[in-house]
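Inspection log for the structure reproduced underneath, given as structure tokens.
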Amino acid sequence: MKEFDYIIIGGGCAGLSLAYELEIHRKLENKTLAIIEPRQEYKKDKTWSFWKVIPHNFDDCVKKNWRNFSINVPAKTKHLECSNYPYQSIDSGLFYEKIIKKLKENKNIIFYKNIKEISLNNSFIFNSVPSIKTDNANLWQHFCGVEIETKNNFFDDKIINLMDFDCEQRNSVHFFYTLPYAKNKVLVETTWLSRMNDNSQKDYDAQIKGYVEKRLNIKDYKITYKEEGAIPLFYPSYEEEKNKINIGTAGGMTRLSTGYTFLNIQEHSQYIRKNIENISKAKKFEISKKYQFLDDIFLKVLETNPEMMPNIFFKMFNGTPKTVIKFLSNKSNILEDLSIILKMSKLIFIKALFN
Ligand SMILES: Cc1cc2nc3c(=O)[nH]c(=O)nc-3n(C[C@H](O)[C@H](O)[C@H](O)COP(=O)(O)OP(=O)(O)OC[C@H]3O[C@@H](n4cnc5c(N)ncnc54)[C@H](O)[C@@H]3O)c2cc1C
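When the sequence shown is numbered by the working numbering, its final residue is 517 and no position is left out of the sequence of numbers.
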């Protein structure tokens, strides 16, 4: 069976980002790479959005940039500016197309549908397939989003609504998220932070219909795209294996308090590319321990006091947006961390710390 220098298991966001990063930095001129990906075809299946706090390779796949965002709880709204770090949305369809086209130019890169088709001996493996099940024991961010188009211009396409908590909470944490791509085109997403231990939150279609028709007051619209997903708000655990690195969600690249993963995947890819010649000896790349610690406390508060979370998120944005964005994107310094932490209800966080 054919052997390869590198094997990437899973040609999704992390696997393809890494392959592309290696290819454009000419690390695959004299090395072979197999990418194992079972899907039959690549088509748009996700919209990756984030504050652009670092450069990445996919500016040409950005659907839209915004410099303003809002957050609301019942009867209160904050309008905030993010010119320093625009909020970007990447169309996964464009992302897949760009990467596949580039990778096809290199004969050293071969796609396979099944790992059984190749030999794993003597390869360095990058694995992006998490070994986790949707269970009741852990917190998840689960959501469903639809893109809708209206006949007439309806939306202010200069501002996104990051979190609208003015909705049913059902003893969990629930918000709507709205990205206006144009004055007549918007992505509306219903998002839950919960254990997913029953299906009572999964009536996504009804939630979105209610929000669009009653809250946004839009009656005449058509749905042009739908995406659904669940992001684990815990780190998958693996035994360390020589010659294997986990990447993407499997590699702990999700920021647990927010679910943001895309830019961490890009940083991880850059790190691997810089160290590829000596990758088996490179230090493990991970989200800094500081954020792991703070997110752990944050999620404990979220689990024990879900009813307080809308106001906690709202208060977090009392600080300058630049500081909060840096904090939520793992780029804050200690003074910025403190300025956020001091805005929180201390007692409740201290209790969570000692629990
Ligand atoms: C719908 C959705 C929207 C998201 N939106 C955002 C966002 O806005 N911002 C953000 O930062 N993060 C977002 N995330 C989180 C995260 O960025 C994505 O989940 C991202 O795709 C993770 O990349 P990945 O490579 O780890 O996983 P994936 O992109 O899911 O890639 C894994 C790949 O492995 C393949 N595979 C599965 N089983 C096997 C197998 N047995 N062998 C080989 N291959 C296999 C799959 O087909 C897939 O292509 C979102 C997640 C989802 C699900």
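We put the beta carbon where it would ideally sit given N, CA and C, even for glycine.
Query	Result
Spatial distance of Asp318 from Arg188 (CA atoms)	43 Å
Distance cut-off 7 Å: Tyr249 Cβ against heavy atoms of ligand 1	no
For Phe475, the three-state DSSP class (helix, strand or coil)	helix
Gln303 beta carbon less than 8 Å from that of Leu395	yes
Check whether Asn289 and Ile171 have beta carbons under 8 Å apart	yes
Which of helix, strand or coil DSSP assigns to Lys278	helix
Exposure label - Ser399; buried when at least 16 CB within 10 Å	exposed
Distance, Ile385 Cα to Asp328 Cα	23 Å
Straight-line Cα distance separating Tyr373 from Thr423	27 Å
Straight-line Cα distance separating Tyr247 from Val224	14 Å
Local Cβ density within 10 Å of Phe337, reported as buried at 16 or more and exposed below that	buried
For Gly414, the three-state DSSP class (helix, strand or coil)	coil
Unbroken alpha helix (DSSP H) run spanning Val463, endpoints	Lys451 to Thr466
Beta-carbon contacts of Leu180 that lie in its chain and below 7 Å, excluding the five residues immediately before and after	Ile170, Phe288, Ile409, Ser431 and Ile434
Residue of Lys488, Met470, Glu403 and Ile502 minimising C-alpha distance to Asn333	Met470
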